[in-house]
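**Student:**
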Amino acid sequence: MKIGFVIADNYEYDPFRKFASEFNPEEFMALTNNCIRFDFDDKIEVVAMECGIGKVNAAIAALWLINEEKVDTILNVGLSGAVQNVHRNFIVAGTEYMECDFDLTAIGYDLGVKPQDVYVYKADEKLVSIAENCGVDYFGKLGTGDIFLADSALKVKFRDTFGICSFDMETGAIAAVCHKAQIPFLAIRKISDDCDENAVENYRELNDKKEVHLSEVAREILEKISESI
């Protein structure tokens, strides 16, 4: 089995790289991005890419992993802002994903609605079930947009419009690619801030620590997947 990880920036990638160092990894560059490859538990080959922040970067990385590395599954780890029902330092797993900043309201569509059959993407049910036993505090819908959400009023708008529990800049784009390619996907995010006027300070405080917690959860998920093979 081959699993791809999409990881946005070095603050999130470096702890994963440290975890990977236990497995005699190969480090390489692809699309000018840092990548790492290693075998986990003799059953799973893992390939991770540090893609850069935002939807376009995340989508490019997901597509590269699918087309070039032929991964069977894609996972994402990273930091997110709290919208409702979650708090700082929570580990959240996405059950659904959508792009909150997609806006065709000028031509009569509701905010977030795309003129296509599916625009709210579901996580793989088997992966969600595995995550239930891996230190996840909350399961819910994740919202995505190419903005760092630090506006209480916009946070409330996204909460009331979409029912999301957290907001990030990558998961909806990765989910869209995986949906098109029919590749199982799950995002695991740690809550760093409250998407309010203090979000930047709180995010930087957690981001600068290069938290290992997410990599520990990723290890647990890989272990559970390995057991199921």
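Under my numbering, the first residue of the sequence shown carries the number 93, and numbering increases by one thereafter.
Note that the Cβ used here is the ideal one computed from N, Cα and C, for glycine as well.
1. What residues are listed by DSSP as bridge partners for MET121?
2. Considering just the uninterrupted stretch of the alpha helix (DSSP H) at LEU203, what are its terminal residues?
3. State the Cα-Cα distance for the pair ALA245 and ILE145, rounded to the nearest angstrom.
4. Give me the residue from LYS247, ARG109 and ALA185 with the minimum Cα distance to ASN225.
5. Evaluate contact between the region 195 to 207 and the region 171 to 186, counting only Cβ atoms and requiring at least three cross-stretch pairs below 8 Å.
6. Report buried or exposed for SER113, applying the criterion of at least 16 other Cβ atoms within 10 angstroms of its Cβ.
7. Do ALA215 and THR187 have their C-beta atoms within less than 7 Å of each other?
8. Take the Cβ of LYS147 as the centre, count every other Cβ of all protein chains shown within 10 Å, and call the residue buried at 16 or more, exposed below.
9. Identify the residues that DSSP records as bridge partners of PHE132: which are they?
10. Label ILE99 either buried or exposed according to how many other C-beta atoms from any shown protein chain fall within 10 Å of its C-beta, with 16 as the threshold for buried.
11. For my contact list, VAL169 and ILE317 are in at a C-beta cut-off of 8 Å; report their separation, rounded to the angstrom.
12. In terms of residues, what are the limits of the alpha helix (DSSP H) holding ALA310?
13. Identify, in the order they occur along the chain, each residue of the same chain with its Cβ nearer than 6 Å to the Cβ of ASN126, setting aside the five sequence neighbours on each side.
14. Once DSSP output is grouped into helix, strand and coil, what is the label at VAL228?
15. Could you round the C-beta distance between ARG109 and ILE128 to whole angstroms and report it? I think they count as a contact, below 8 Å.
16. Under a three-way DSSP split, which group does LYS301 fall into?
17. LEU219 by DSSP, collapsed to three states: which one?
18. With a Cβ-Cβ cutoff of 7 Å, do ALA310 and TYR189 count as a contact?
**Tutor:** Per the coordinate set shown:
1. ASN126
2. LEU203 -> no alpha helix (DSSP H), and no H or E assigned at all.
3. 23 Å
4. ALA185
5. no
6. exposed
7. yes
8. buried
9. ILE136
10. buried
11. Contact flag wrong, Cβ pair sits at about 14 Å.
12. 305 to 320
13. GLU142
14. coil
15. 6 Å
16. Annotation note: pLDDT 47 at LYS301 (below 50); position unreliable, coordinate value reported separately. DSSP places LYS301 in coil when its eight states are reduced to three.
17. helix
18. no
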